[in-house]
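These notes concern the structure reproduced below.
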Amino acid sequence: MAKAKFETPEFRPYPVIPVIKPGVMKDSRSFVSKPGMQESLGYPGELVDNWQEVAINKLGELLTKYRSLRVYLDTCVKCGSCTDKCHYFIGTNDPKNMPVGRQDLLRQVYRRYFTLAGKLFPKLVGAKDLTRDMLDDWYNYFHQCSQCRRCSVYCPYGIDTAEISMAAREILDAVGYGQKYCNEIIEKVYKIGNNLGLPGPAIRNTLEGLEEDIKDETGVDVRLPLDEEGAEVLFVPPSADFFVEPHVDGLIGYGKVFHQSGISWTMSSHASEAGNFGMFIGSYENMRRVSMRIREAALDLKVKRIVFGECGHAWRVAYAFLNTLAGPFDFLDKRYPIPQHICEFTYDLIQKGALKLDKSANDHRRVTYHDSCNVARATRMGHKPGGQFVIPREVIKACCNHFYDMPSDTIYDETYCCGGGGGLLTDELMEVRVKGALPRMEALKQVTDDHQVTHMATICAICKSQFTKVVPYYGFDMDQIISVHQLVGDAIVLNVNEV
Amino acid sequence: MGGGNKEALMGFWTTFYALSFYVATLILILGVGYKIYQYTKTPAPLKIPTTPAPLTTGGVVIRMLLEVILFKSLFRSNKWIWLFAMIFHGALWVILLRHLRYFIDPQWVIYPIWELVELIQPFGKYASFAMLFGLLGLLARRLFVERMRYISSASDYLMLVLLLVIGVSGVLMSFVTRTDIVQFKAFMLSVISFQWQNFELSAYQMPPDSMLLVHLAAVILLMIVFPFSKLLHAPGVFFSPGRNQVDNAREKRHVAPWAIKQFEAPQT
Chain L
27 MAKAKFETPE
37 FRPYPVIPVI
47 KPGVMKDSRS
57 FVSKPGMQES
67 LGYPGELVDN
77 WQEVAINKLG
87 ELLTKYRSLR
97 VYLDTCVKCG
107 SCTDKCHYFI
117 GTNDPKNMPV
127 GRQDLLRQVY
137 RRYFTLAGKL
147 FPKLVGAKDL
157 TRDMLDDWYN
167 YFHQCSQCRR
177 CSVYCPYGID
187 TAEISMAARE
197 ILDAVGYGQK
207 YCNEIIEKVY
217 KIGNNLGLPG
227 PAIRNTLEGL
237 EEDIKDETGV
247 DVRLPLDEEG
257 AEVLFVPPSA
267 DFFVEPHVDG
277 LIGYGKVFHQ
287 SGISWTMSSH
297 ASEAGNFGMF
307 IGSYENMRRV
317 SMRIREAALD
327 LKVKRIVFGE
337 CGHAWRVAYA
347 FLNTLAGPFD
357 FLDKRYPIPQ
367 HICEFTYDLI
377 QKGALKLDKS
387 ANDHRRVTYH
397 DSCNVARATR
407 MGHKPGGQFV
417 IPREVIKACC
427 NHFYDMPSDT
437 IYDETYCCGG
447 GGGLLTDELM
457 EVRVKGALPR
467 MEALKQVTDD
477 HQVTHMATIC
487 AICKSQFTKV
497 VPYYGFDMDQ
507 IISVHQLVGD
517 AIVLNVNEV
Chain P
4 MGGGNKEALM
14 GFWTTFYALS
24 FYVATLILIL
34 GVGYKIYQYT
44 KTPAPLKIPT
54 TPAPLTTGGV
64 VIRMLLEVIL
74 FKSLFRSNKW
84 IWLFAMIFHG
94 ALWVILLRHL
104 RYFIDPQWVI
114 YPIWELVELI
124 QPFGKYASFA
134 MLFGLLGLLA
144 RRLFVERMRY
154 ISSASDYLML
164 VLLLVIGVSG
174 VLMSFVTRTD
184 IVQFKAFMLS
194 VISFQWQNFE
204 LSAYQMPPDS
214 MLLVHLAAVI
224 LLMIVFPFSK
234 LLHAPGVFFS
244 PGRNQVDNAR
254 EKRHVAPWAI
264 KQFEAPQT
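If you read the sequences in order, they're chains L and P.
Our numbering runs 26 ahead of the 1-based position in the first sequence.
Our numbering runs 3 ahead of the 1-based position in the second sequence.
Right under this line is the structure:
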């Protein structure tokens, strides 16, 4: 690892609210998108000459399309409730990383061009012109938001900074000032089929290799099928699950669960990506284009159900938006949720007694669970509100004897983002990512001190990648991060099907 | 100053305040009405309730009530802001109800509305101190907490100052200077019922009381700025998709008209 050019924040002995240090993260800037990527997403290749006019018009258009944006820009009373709630503010002290500080970058411009008070008395109401400095602030600070929605939990009006930052990124794309990380990945989905850019044959090879590994280890033929027409279930994992540690051990876990369930399943080389970065850039159109691949794959493979793998923002798009974007799914079996989360799927099997689990297989692990932000605050699992907290924990507890939760104000809907979500999981933003992980690392430290926790399980590809990269900065080991379905896979007793 | 001059002066203030009251009411109703129309017309194309969220409309009603009456989310967030905000808004409601007395003729309303308005009078009077306490608390936070100062514009302070002016002038009238409230009510009822011919009689004119003139001017100003300011949080909170949406994305397809038009070719 290259030597860091910044200091890792110290653990705070008790949670004081940081003093503000204006501008300290002003230069923390992700790479700007390249012309080709921009164009394949339907945006201008580079910053257009009349960017100011285009940006204002785009904002005007979004105001008529999204009630959230209109209401959230109008209703903030600057009460201060959200000011200490963002992990990026806690880690960096930059006031433009306070949720309201971030929103105000867009709100000031909204007031200047779209409200009577801002047109007549800009100074009085804090309205500002859209200058080049402002545009750069938009670029920098709206790419220091992981759209985790923690601020929205505490806002008396439910103002969600994620909605504001999505709108801002859409405006930036519209003027030709997109972000490389997100747009490159979306382009890869269009051209190859997934975020990692793994072509079908590479996925097939990997899966065959993994099948052999499982056979060697367990002596059982667990299949990891790809593109098999007529399967009952289309399973859509994040592409990181094919290739990256510790994700891939989760994939093995999914395979073992399907194997034991006796339900036929397949993955798809066309829909080989659960993640949908169209959401990060606030683009309904691109989000829809990515989502349609899953519908197409489901139709082509003639499946009856769709199940998603462990991926946070992906589950948000799947749970909350898929029906809107790519529905209606009349051709699927309505007895099951459309779509279903792999944790719901596994939990149902556990409830039915269809899985034999040997908890002692995980006795060398003392486990805690990180609620991924978008799963926690934008989705649900099961039939009751809050199922997204209960079901993954029940799955873990069915597989482990030693489970301990982190402090209550850092889990469930108060969970902290891993620090790498929302299009920030790129190396040039490492400072933001490390600093943004501070509150989660403090919680992990506490549960490590109190309960000698050895592993933090999670159900998000981004969380897993981010944590393996940043936990060493805080004195933890990257091997401590684990997929929930790795715990399941290790505990599952194969071929003892008693149903 | 001769008596004639004074009468002419109060005649002027009577006309001025009566007209201002009409204008301010029109601006308030049309302005807020327009914003509500705008919020209603703008679609929410995606399901974005902050979860865990209710699964039924009834559940959403309960969630909204907990937010607008008890400020539930604010309570989870910050007990100080919650305390000051709760005291201020709670007191404001009691005070507003108390003021119905000046706008209602007992003969206009059915039993027991007038009796209730009478019952609330003493509570309303003392609630004004609570309101001032709440406002001062909010102002102090804004002035002395560094993060709050950073996010505050001039208008954020002025809004509190305006409310303080209304509160202080009101308290002074109730407890110190004593305004001719019978005459004020005669004026106000004439304004409301458009009985302009009454204004020729001095018993129906604005009472000659500077504190009352200040109080009403501040209230009229507040009514005028309402639709153009952050006071829109009052209607706005009901339109927040994060709070008012039912969590049923998987069960019920939700698509905005513009999205259908843009992406889904017409079927017929």
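Where a beta carbon is used, it is the ideal one built from N, C-alpha and C, also for glycine.
On a predicted model such as this, the values are computed, not experimentally measured, just so you know.
Against chain L, with Cβ distances strictly below 8 Å, would residue i count as a contact?
i, result
"P/Gly-36", "no"
"P/Gly-245", "yes"
"P/Ile-65", "no"
"P/Gln-41", "yes"
"P/Thr-271", "Residue placement at P/Thr-271 is poorly supported in this model, since its pLDDT is 49, which falls under 50; the coordinates still yield a value, given next. For P/Thr-271, the answer is no, since every Cβ of chain L falls outside 8 Å of its Cβ."
"P/Thr-92", "The sequence as given places His at residue 92 of chain P; Thr does not occur at that position. Chain L, which has no Cβ nearer than 8 Å to the Cβ of P/His-92, makes this no."
"P/Lys-264", "no"
"P/Met-4", "Below a pLDDT of 50, predicted positions are generally treated as unreliable, and P/Met-4, at 40, falls in that range; the measurement from the model is reported next regardless. No, P/Met-4 lies away from the interface with chain L (no Cβ there is under 8 Å from its Cβ)."
"P/Trp-16", "no"
"P/Glu-70", "yes"
"P/Ser-156", "yes"
Check whether the Cβ of residue i lies closer than 8 Å to any Cβ atom in chain P.
i, result
"L/Gly-152", "yes"
"L/Gln-414", "yes"
"L/Val-42", "no"
"L/Lys-52", "no"
"L/Cys-444", "no"
"L/Val-45", "yes"
"L/Ala-228", "no"
"L/Pro-35", "no"
"L/Glu-237", "no"
"L/Met-27", "Only weak support is given to the placement of L/Met-27: the predicted model assigns it a pLDDT of 46, under 50, and the value that follows is read from those uncertain coordinates. Cβ-Cβ to chain P under 8 Å: no for L/Met-27."
"L/Ser-107", "yes"
"L/Thr-484", "no"
"L/Lys-461", "no"
"L/Asp-186", "yes"
"L/Pro-61", "no"
"L/Pro-433", "no"
Could you work out which residue in the options is closest to residue i when comparing CA atoms only?
i, options, result
"P/Ile-223", "P/Leu-166, P/Arg-256, P/Val-240, P/Ala-47", "P/Leu-166"
"L/Ala-404", "L/Ser-491, L/Lys-47, L/Phe-347", "L/Phe-347"
"L/Arg-459", "L/Ile-116, L/Lys-84, L/Val-103", "L/Ile-116"
"L/Gly-276", "L/Glu-33, L/Ala-517, L/Ile-185, L/Asn-521", "L/Ala-517"
"P/Ser-3", "L/Lys-104, L/Ser-309, L/Asp-267", "Residue 3 of chain P is absent from the structure shown; chain P starts at 4 and stops at 271."
"L/Phe-429", "L/Leu-455, L/Lys-385, L/Pro-465", "L/Lys-385"
"L/Pro-182", "L/Gly-106, L/Val-274, L/Pro-39", "L/Gly-106"
"L/Gly-279", "L/Ser-509, L/Phe-37, L/Tyr-40", "L/Ser-509"
"P/Ile-263", "L/Leu-351, L/Thr-141, L/Gly-515", "L/Leu-351"
"L/Thr-34", "L/Val-421, L/Asp-475, L/Leu-73, L/Glu-468", "L/Glu-468"
"L/Glu-72", "L/Leu-132, L/Ala-81, L/Pro-61", "L/Pro-61"
"L/Ile-211", "L/Glu-255, L/Ala-194, L/Pro-264, L/Asp-162", "L/Pro-264"
"L/Glu-431", "L/Asp-239, L/Thr-394, L/Gln-512", "Rather than Glu, the amino acid found at residue 431 of chain L in this sequence is Asp. Closest option to L/Asp-431, Cα to Cα, is L/Thr-394."
"L/Glu-255", "L/Val-270, L/His-296, L/Ser-287, L/Pro-225", "L/His-296"
"P/Phe-15", "P/Ser-172, P/Leu-175, P/Ser-205, P/Ser-196", "P/Ser-205"
Could you tell me how far apart the beta carbons of residue i and residue j are, in whole angstroms, since I believe they sit closer than 8 Å?
i, j, result
"P/Pro-244", "P/Ala-47", "4 Å"
"L/Cys-108", "L/Val-126", "5 Å"
"P/Ala-221", "P/Val-168", "5 Å"
"P/Phe-187", "P/Thr-17", "Their Cβ separation, rounded to whole angstroms, is 11 Å, which puts P/Phe-187 and P/Thr-17 out of contact at 8 Å."
"L/Leu-233", "L/Leu-250", "4 Å"
Worksheet entry | Within 8 Å of chain P by C-beta, residues of the region 84-102 of chain L in sequence order | Listed by position along the chain: Leu-89, Thr-90, Lys-91, Tyr-92, Arg-93, Ser-94, Arg-96, Val-97, Tyr-98, Asp-100, Thr-101, Cys-102.
Worksheet item: Any contact of the region 118-133 of chain P with the region 69-81 of chain P, i.e. 3+ C-beta pairs under 8 Å?
Response: no
Fill in: At least three beta-carbon pairs within less than 8 Å, the region 467-481 of chain L to the region 369-382 of chain L
no
Worksheet entry | Contact list for the region 345-363 of chain L against chain P, Cβ threshold 7 Å | From the region 345-363 of chain L, only Tyr-345, Ala-346, Phe-347, Asn-349, Thr-350, Gly-353, Pro-354, Pro-363 have a Cβ closer than 7 Å to chain P.
Item to complete: Report the residues of the region 72-87 of chain P with a CB closer than 7 Å to any CB of chain L, ordered along the chain.
Response: Phe-74, Ser-76, Leu-77, Arg-79, Ser-80, Asn-81, Ile-84
Discussion item. Assess contact between the region 22-42 of chain P and the region 65-81 of chain L, defined as three or more Cβ pairs (one per stretch) separated by less than 8 Å. Is contact present?
Written reply: A contact between stretches requires three or more CB pairs, one per stretch, nearer than 8 Å, and the region 22-42 of chain P fails this requirement with the region 65-81 of chain L.
Worksheet entry | Where the region 296-311 of chain L meets chain P: residues whose CB sits under 7 Å from a CB there | Tyr-310
Worksheet item: Which of the residues in the region 171-183 of chain L, read from start to end, lie with their CB under 8 Å from any CB of chain P?
Response: Arg-175, Ser-178, Val-179, Tyr-180, Cys-181, Pro-182, Tyr-183
Worksheet item: Is the region 137-153 of chain P touching the region 173-186 of chain P, taking contact as three or more C-beta pairs under 8 Å?
Response: no
Worksheet item: Do the region 446-465 of chain L and the region 489-509 of chain L make contact, defined as three or more Cβ pairs closer than 8 Å?
Response: Touching, per the Cβ criterion.
Practice prompt. Using a Cβ-Cβ cut-off of less than 7 Å, give me the residues of the region 159-189 of chain P that come near chain L, in sequence order.
Written response: Asp-159
Discussion item. By the 7 Å beta-carbon criterion, what residues does the region 226-253 of chain P contribute toward chain L?
Written reply: Phe-231, Ser-232, Lys-233, Leu-235, His-236, Gly-239, Val-240, Phe-242, Ser-243, Pro-244, Gly-245, Arg-246, Asp-250, Ala-252, Arg-253
Worksheet item: Which residues, in chain order, does the region 395-407 of chain L contribute to contact with chain P at a C-beta distance below 7 Å?
Response: Arg-403, Ala-404, Thr-405, Arg-406
Worksheet entry | Interface residues of the region 116-137 of chain L facing chain P [CB-CB below 8 Å] | From the region 116-137 of chain L, only Pro-121, Met-124, Val-126, Gly-127, Asp-130 have a Cβ closer than 8 Å to chain P.
Fill in: Sufficient close CB pairs (3 or more, under 8 Å) joining the region 183-193 of chain L to the region 303-316 of chain L
These segments touch.
Worksheet entry | Three or more C-beta pairs below 8 Å linking the region 165-174 of chain L and the region 36-54 of chain L | yes
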